[in-house]
Amino acid sequence: MLPAAATLKKQGANNGATAAFLISTPESGVDSISITWALLDPIMTIARPVAAFLSAMVAGMSENLVNPPDRKQKVTIDLSCQVDQCCDGEECPSDVHSHHHGILIKIYKGMHHAAFSLWAELVGWFFIGIILAGFITVIIPDDFISQYLGGGFLSMILMLAIGIPIYICATASTPIAAAFILKGVSPGAALVFLLVGPATNVTSMSVLIGLLGKRATALYLVSISVVSVLCGLVVDAIYIAMAISPVAIVGQAQELIPFWLKFTGGIVLLALSIQPLYRIIRGFFAKDGDNCGCCEDHDDHLQGHQHIIPTHTISHMGHNKK
């Protein structure tokens, strides 16, 4: 997200819009919403993007109120082709380019991106999330969960303390949240983790300060923390008012899908995971940091590492332009 946010900022987006983008993007994607439905429950599936929207709006509006954007700033719009880069948007005007590709080629390109490029970005984090969820289920004592994370304001604050320093993508955080709930963590506290984990981490704070400034970064953290805690308290109140046991309904959405479809989907997902996982493992053991071996080309290198080493990615983006 950081390279994309840096590009938006360079093209004229103000600090408020950039902060809203950084908060809302990981939580409102189709991937994070669908996996929330599969691993959690319908209430959390609705609460997650709604809370992300509120957090993004509060952060963006707060920043623009405190530091009003410069209306005279020149905005550069990227009109290049997103299908196959056949048009740079300058020599080929957008009204002419709109006739270059039909709906079928656009659907094909979108499905190809989802099956290969997008899943290649997510697969490593997804399996890390599954493994961490297993460790949480086995290692964390039930007494600790019931005493400190069973609900209420204190459990939200503890989840903030856990979620803010570390980075974990929205996809990987979902199985971890499911494991938390099955251990007795309140759904509201799990929601706080789902919101702050993907949107904040210690290593990206320096990049955010350079991108937005110290004051905007502070507002960013305060906004997402306050709204996340408030939304968590509201979600806990909803479960209590509806007399719903979160443990009883976590992961029950899978019962709506026939076994043959689940089995086929699992096989396809594993097949799509073999190559990107191999690249990740090969890159992990590579000795040369600049030639990690986990990507076939430089574009895959950018996609595969943009979440892990943002400053490295941004520097590569600058190298491409040169």
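Going left to right, the sequence shown walks through residues 101 to 422 as our numbering numbers them.
Glycine included, every Cβ here is placed at the ideal spot set by N, Cα and C.
Keep in mind it's a predicted model, so treat the numbers as computed, not measured.
Which of helix, strand or coil does DSSP assign to residue i?
i, result
"Y267", "coil"
"M157", "helix"
"G313", "coil"
"P241", "coil"
"D141", "coil"
"H201", "coil"
"I231", "helix"
"M256", "helix"
"G112", "coil"
"L222", "helix"
"V130", "helix"
"N167", "coil"
"P149", "helix"
"P298", "helix"
"M342", "coil"
"S286", "coil"
"C424", "Past the edges of the chain, shown from 101 to 422, lies residue 424, and the structure says nothing about it."
"C331", "helix"
"F385", "coil"
"M101", "coil"
"P358", "coil"
"A119", "helix"
"G210", "helix"
"I366", "In the sequence as displayed, the identity of residue 366 is Gly instead of Ile. Here G366 sits in helix by DSSP."
"V350", "coil"
For the ligand HEM, any of its heavy atoms closer than 7 Å to the Cβ of residue i?
i, result
"Q354", "With respect to small molecules bound, the structure shown includes none, and the ligand HEM cannot be examined in it."
Exposed or buried, which one is residue i when buried takes at least 16 other CB atoms within 10 Å?
i, result
"A290", "buried"
"Q111", "exposed"
"T136", "buried"
"S273", "buried"
"T300", "buried"
"P241", "exposed"
"P168", "exposed"
"T237", "exposed"
"V327", "buried"
"D336", "buried"
"Y208", "exposed"
"A120", "buried"
"I340", "exposed"
"V347", "exposed"
"V368", "exposed"
"I245", "buried"
"S345", "exposed"
"S306", "exposed"
"R382", "exposed"
"C187", "buried"
"L356", "exposed"
"I380", "buried"
"Y267", "buried"
Measure from the alpha carbon of residue i to the alpha carbon of each residue in the options, then state which is nearest.
i, options, result
"P298", "G365, L321, P241", "L321"
"Q247", "L356, G284, M101", "G284"
"L294", "A371, A120, M256, K314", "M256"
"A117", "I338, L311, I381, L330", "L311"
"L330", "K314, H212, H213, M259", "M259"
"L232", "T271, H200, V130, L372", "T271"
"V130", "I338, H201, L222", "L222"
"L370", "A341, I264, F216", "F216"
"L165", "A147, H213, I203, N114", "N114"
"L102", "C269, G229, I203", "C269"
"A151", "L333, G313, G229, P265", "L333"
"F265", "S325, F227, K314", "Checking the sequence shown, residue 265 turns out to be Pro, not Phe. Among S325, F227, K314, the Cα nearest to that of P265 is on S325."
"H213", "L372, G365, I228", "L372"
"L423", "V292, L108, F227, G210", "Limits of the chain in this structure are 101 at one end and 422 at the other, which puts residue 423 out of reach."
"M161", "S323, H200, F385", "S323"
"K206", "I228, G229, C181", "C181"
Since residue i and residue j are thought to touch, with beta carbons under 8 Å apart, how far apart are those beta carbons, to the nearest angstrom?
i, j, result
"S134", "F153", "No, S134 and F153 are not in contact; Cβ-Cβ is about 17 Å, not under 8 Å."
"P287", "I281", "6 Å"
"E127", "P149", "6 Å"
"W219", "P376", "7 Å"
"A105", "L122", "5 Å"
"A278", "G351", "6 Å"
"G423", "V296", "The displayed coordinates of the chain run from 101 to 422. Any statement about residue 423 would go beyond what the structure contains."
"Q354", "A138", "6 Å"
Does the CB of residue i have a neighbour CB from chain C at under 8 Å?
i, result
"V292", "No chain C appears in this structure, which consists of one protein chain only."
Note to self: Taking contact to mean 3 or more Cβ pairs, one atom from each stretch, closer than 8 Å, check whether the segment 353 to 361 and the segment 148 to 166 are in contact.
What the structure shows: In short, these stretches do not touch, since the Cβ pair count stays below three.
Checklist line | the segment 311 to 326 touching the segment 127 to 146, judged by at least three CB pairs closer than 8 Å | finding: Segments in contact, no.
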